[in-house]
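Participant: Structure below; questions to follow.
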């Protein structure tokens, strides 16, 4: 017989449940006498555990409630509880157990097809099938569930079915129709028409779908609505995925610390319960740490995400790029794009593909990625326009390409559009990234005031967010910090004698063709022409691979000409600075060494400092290292000759 004290605690628990005070209810249930708990009490006890961040405990209590309902002969309620337990196991990725519980539910509800409980079964079955990617198979169950839910007055079932259909429509490109349905169902959750679990699920799916299709402002608005709902309902927040989705919105808004805390809490809560959602949280933590410049910690987060099968791209590729491991970044994104066929997954990868391809000096691949991104963005419109976040990504990608092409006016136009769209979305980090690039474009157009304004604004944002490396980069561009680049110098060998042989007019035409070939190859490889002095070029690259690709392409292009001068090329990676503060020119030891190496090269030779080619070129395409003395440098320098033929 239950004790008087236990009965008192049970009454307190029931009272707390009736008012949605889940923490208070859970505390009272823990103190209540277990012998006095009814099936309804066990259901409520499980809810209190769920809403206070104890999913494993909630699962155990639901299993106890199921057994009690079966013993009581309540087949309909027992079947519905079996479905909920099956759903729990599906969330954990334990599909064999999911199917086992669903089989129990189907057996219990075999004679109950004309019921709200059976509507719940087919709806959850359809929802789970949708989550597994089998949309065509899921739709009949979702439609039947919605129909039966309406017939038997079960608003929760209707909401689950409709929110799932909305997500399917969004994924199929029927964005307006899908978002309208999601908004409608979410409004029913706001108004209190749904039970807490179903309301939380509706919010979770809606926020996820909005993020997926690039409507980040809508995602943020529903996140705020979710926060208010959590406050009203005394919950820690909908466990698992929804908390991670909320963290993604916080990260977008620049609230990185809050986002990291949310993800850490979700991962700790679900570490042994839902590995997939934990992986999403770990990936998000990796993104935050990468942007802060905490590379080792970011790599560990990406590794943890990858352990359960979540491909940590494009974050890991961008981390490798930031580390200077361009080849690793290229390979990772190539694999991810080969495996990722779903259009919205590719939208997440293609902007990074543009950035990485440009760093590798592969302008052609960058253009291809931007073209595909443009086609996909055009097919996912909200109203008559693309989603602002998608449009921002597209304009930013195009701006990067125009910078690489040295089409400064087109770069300004694209980057202004990108800045406006990111501001509309409310994404301070992305706005700052765009401002930094826009500053570069203004500088090349001679608008130093405009450049300084954009760069200083970007620098202030990066400093506020804690994006250390980006802050250093803007400081460098403002002429306040040394930079590191790969420099390339070219020079025509024997130009004076050639001029005398050809005469002024033929020399002028030959030089024009030479200039065109060299400039195009430098730009195609992702370089920037800093100066053209006499019959030579001075160019800068972000990575040695681009400079070496340009050097080889130059020599091969000249070799294919009927008449062309012999050109020597020197390449070196080193430190430099902007001599006139914020300018496009470079000076310093790294520049001088590259120039001296170029002067030491022979006709038709590519001479490169040995340190520059390490880890970039195979030994089969370069000579053995040799040491040469360079004017102005006390110590000899080790160089190799690159075989371009």
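In my numbering, the protein residues as written are 312 to 956.
We put the CB at the ideal spot given by N, CA and C, even for glycine.
Please determine, among 774, 722, 731 and 602, the residue with the shortest C-alpha to C-alpha distance to residue 751.
Facilitator: One-based indexing of the chain shown puts residue 751 at position 440. Residue 751 has its Cα closest to that of 722, out of 774, 722, 731 and 602.
Participant: Would you say residue 758 and residue 841 are within 8 Å of each other, going by their C-beta atoms?
Facilitator: As a first step, residue 758 must be located in the chain shown, where it is residue number 447. As a first step, residue 841 must be located in the chain shown, where it is residue number 530. In this structure, residue 841 does not lie closer than 8 Å to residue 758 by Cβ.
Participant: Excluding the 5 residues preceding and the 5 following residue 385 in the sequence, name in chain order all residues of the same chain whose CB lies nearer than 8 Å to its CB.
Facilitator: Along the chain shown, read from residue 1 onward, the residue named residue 385 stands at position 74. Result list for residue 385: 350, in chain order.
Participant: Quick one: Cα of residue 844 to Cα of residue 756, how far?
Facilitator: In the chain shown, counting from the first residue as 1, residue 844 sits at position 533. In the chain shown, counting from the first residue as 1, residue 756 sits at position 445. Cα to Cα, residue 844 sits roughly 20 Å from residue 756.
Participant: Taking Cβ to Cβ, would you say residue 641 is nearer than 8 Å to residue 699?
Facilitator: As a working note, residue 641 is residue 330 in the chain shown. As a working note, residue 699 is residue 388 in the chain shown. No; because the gap between Cβ atoms is not below 8 Å, this pair is not in contact.
Participant: Give the list of continuous alpha helix (DSSP H) stretches no shorter than 4 residues that lie fully inside the segment 616-674.
Facilitator: List check, alpha helix (DSSP H) in window: 626-633, 637-650 and 654-670.
Participant: Would you mind working out which of 666, 627 and 396 sits nearest residue 614, comparing C-alpha positions?
Facilitator: Here residue 614 refers to the residue found at position 303 when the chain shown is read from its first residue. Ranking 666, 627 and 396 by Cα distance to residue 614 puts 627 first.
Participant: Among 686, 403 and 754, which one has its Cα closest to the Cα of residue 718?
Facilitator: Residue numbering aside, residue 718 sits at position 407 when the chain shown is read from its first letter. Comparing Cα-Cα distances from residue 718 to each of 686, 403 and 754, the minimum goes to 754.
Participant: Looking only at its chain, what residues have a beta carbon closer than 7 Å to the beta carbon of residue 312, apart from the 5 residues adjacent to it on each side?
Facilitator: Taking the chain shown and counting its residues from 1, one reaches residue 312 at position 1. Any reading at residue 312 needs caution, since the residue's pLDDT is 48, under 50, leaving its predicted position unreliable; the model's value is listed next. Here the set comprises nothing.
Participant: Verify the contact flag: residue 584, CB atom, against every heavy atom of the ligand HEM, threshold strictly below 7 Å.
Facilitator: The ligand HEM is not part of this structure, which contains no ligands at all.
Participant: Tell me the rounded alpha-carbon separation between residue 892 and residue 886.
Facilitator: To locate residue 892, count along the chain shown from 1; it is residue 581. To locate residue 886, count along the chain shown from 1; it is residue 575. Unreliable positioning characterises residue 892 in this predicted model, as indicated by a pLDDT of 49, which lies under 50. A coordinate reading is not provided.
Participant: Give me, in chain order, the residues of the same chain whose beta-carbon lies closer than 8 Å to that of residue 838; leave out the 5 immediate sequence neighbours on both sides.
Facilitator: Here residue 838 refers to the residue found at position 527 when the chain shown is read from its first residue. Cβ neighbours of residue 838 beyond the five flanking positions: 672, 799, 850, 851, 852, 857, 858 and 861.
Participant: Check residue 499 in the structure and name its three-state DSSP category.
Facilitator: The residue given as residue 499 occupies position 188 in the chain shown. Residue state, collapsed to three classes: helix.
Participant: For residue 872, count neighbouring Cβ atoms within 10 angstroms of its own Cβ and tell me buried if that reaches 16, exposed if not.
Facilitator: Locating residue 872 in the chain shown gives position 561, counting from the first residue. Per the 10 Å Cβ criterion, exposed.
Participant: Kindly give me the distance between the Cβ atoms of residue 746 and residue 765, rounded to whole angstroms, as I take these residues to be in contact under 8 Å.
Facilitator: Looking up residue 746 in the chain shown gives position 435. Looking up residue 765 in the chain shown gives position 454. With a Cβ gap of about 4 Å, residue 746 and residue 765 count as contacting.
Participant: Does residue 605 come out as helix, strand or coil in the three-state DSSP assignment?
Facilitator: Taking the first residue of the chain shown as 1, we reach residue 605 at position 294. Residue state, collapsed to three classes: coil.
Participant: With a floor of 4 residues, list each alpha helix (DSSP H) that falls wholly inside the segment 871-936, ordered by position along the chain.
Facilitator: Entirely contained in the segment 871-936, the alpha helix (DSSP H) runs reaching 4 residues are, in chain order, 900-911 and 921-924.
Participant: Please classify residue 425 as buried or exposed, where buried requires at least 16 neighbouring CB atoms within 10 angstroms.
Facilitator: For the purposes of this step, residue 425 is taken as the residue at position 114 of the chain shown. Exposed, because fewer than 16 other Cβ atoms sit within 10 Å of the Cβ of residue 425.
Participant: What distance in whole Å lies between the Cβ atoms of residue 360 and residue 372, which are believed to be in contact at a cut-off of 8 Å?
Facilitator: Translated into positions along the chain shown, residue 372 becomes position 61. Translated into positions along the chain shown, residue 360 becomes position 49. At roughly 6 Å, the Cβ-Cβ gap stays under 8 Å, so residue 372 and residue 360 are in contact.
Participant: Just to check my reading of the structure: residue 577 and residue 603 have Cβ atoms closer than 8 Å, yes? What is that Cβ distance to the nearest angstrom?
Facilitator: Locating residue 577 in the chain shown gives position 266, counting from the first residue. Locating residue 603 in the chain shown gives position 292, counting from the first residue. That pair is no contact at about 20 Å.
Participant: For residue 445, count neighbouring Cβ atoms within 10 angstroms of its own Cβ and tell me buried if that reaches 16, exposed if not.
Facilitator: Indexing the chain shown from 1 puts residue 445 at position 134. Classification of residue 445: exposed, given that the 10 Å Cβ count is below 16.
Participant: Okay, do the segment 332-349 and the segment 486-498 touch, 3+ Cβ pairs below 8 Å being the bar?
Facilitator: Result no; under three Cβ-Cβ pairs closer than 8 Å.
Participant: Assuming residue 801 contacts residue 822 (C-beta within less than 8 Å), just tell me the rounded distance between them.
Facilitator: Numbered from 1 along the chain shown, position 490 holds the residue referred to as residue 801. Numbered from 1 along the chain shown, position 511 holds the residue referred to as residue 822. With a Cβ gap of about 13 Å, residue 801 and residue 822 do not count as contacting.
Participant: Between the beta-carbon of residue 864 and the beta-carbon of residue 832, is there less than 8 Å?
Facilitator: Start at 1 with the first residue of the chain shown, and residue 864 comes out as number 553. Start at 1 with the first residue of the chain shown, and residue 832 comes out as number 521. Yes.
Participant: Roughly how far, in whole angstroms, is the beta-carbon of residue 938 from the beta-carbon of residue 948, given that I think they are within contact range, below 8 Å?
Facilitator: Mapped onto the chain shown, residue 938 falls at position 627. Mapped onto the chain shown, residue 948 falls at position 637. 7 Å between Cβ atoms; contact.
Participant: What residues in its chain sit with their C-beta under 7 Å from that of residue 447, if we drop five residues either side in the sequence?
Facilitator: The sequence position of residue 447 within the chain shown is 136, counting from 1. Within the same chain, residue 447 has no close Cβ partners at all.
Participant: Flag this pair as yes or no: are the beta carbons of residue 571 and residue 599 separated by less than 8 Å?
Facilitator: For the purposes of this step, residue 571 is taken as the residue at position 260 of the chain shown. For the purposes of this step, residue 599 is taken as the residue at position 288 of the chain shown. Yes, Cβ-Cβ distance for residue 571 and residue 599 is below 8 Å.
Participant: Look at the Cβ atom of residue 383, then the Cβ atom of residue 355, and state whether they are nearer than 8 Å.
Facilitator: For the purposes of this step, residue 383 is identified with residue 72 of the chain shown, where counting begins at 1. For the purposes of this step, residue 355 is identified with residue 44 of the chain shown, where counting begins at 1. No, the Cβ-Cβ distance between residue 383 and residue 355 is not below 8 Å.
Participant: With a CB to CB cut of under 7 Å and the five nearest residues on each side skipped, what residues in its chain are close to residue 705?
Facilitator: The residue labelled residue 705 in the question sits at position 394 within the chain shown. Once the five neighbours on either side are set aside, the close Cβ partners of residue 705 are 684, 685 and 688.
Participant: Can you grab the Cα-Cα spacing for the pair residue 725 / residue 520, in whole Å?
Facilitator: Numbered from 1 along the chain shown, position 414 holds the residue referred to as residue 725. Numbered from 1 along the chain shown, position 209 holds the residue referred to as residue 520. Their Cα atoms are separated by approximately 27 Å.
Participant: Residues in the same chain with beta-carbon distance under 8 Å from residue 533, minus the five sequence neighbours each way, listed in chain order, please.
Facilitator: What you label residue 533 is simply residue 222 of the chain shown in a count that begins at 1. 497, 514, 517, 518 and 521, listed in sequence order.
Participant: Residue 349 lies in the beta strand (DSSP E); which residues open and close that run?
Facilitator: In the chain shown, the residue the question calls residue 349 occupies position 38. No beta strand (DSSP E) contains residue 349, which DSSP labels as neither H nor E.
Participant: Using a Cβ-Cβ cut-off of 7 Å (strictly less than) and excluding sequence neighbours within five positions of residue 714, which residues of its own chain qualify?
Facilitator: As a first step, residue 714 is located in the chain shown; it is residue number 403 there, counting from the start. Answer for residue 714: 722, 748, 751 and 752, listed in chain order.
Participant: Buried or exposed: which applies to residue 406, given that a residue is buried once 16 or more other Cβ atoms fall within 10 Å of its Cβ?
Facilitator: The residue labelled residue 406 in the question sits at position 95 within the chain shown. Burial call: exposed.
Participant: Between residue 288 and residue 507, is the Cβ-Cβ spacing less than 8 Å?
Facilitator: What the structure shows of the chain is the stretch from 312 to 956, and residue 288 is not part of that stretch, so it cannot be assessed.
Participant: Is residue 432 buried or exposed, if buried means 16 or more other CB atoms sit within 10 Å of its CB?
Facilitator: Taking the first residue of the chain shown as position 1, residue 432 is located at position 121. Result: buried.
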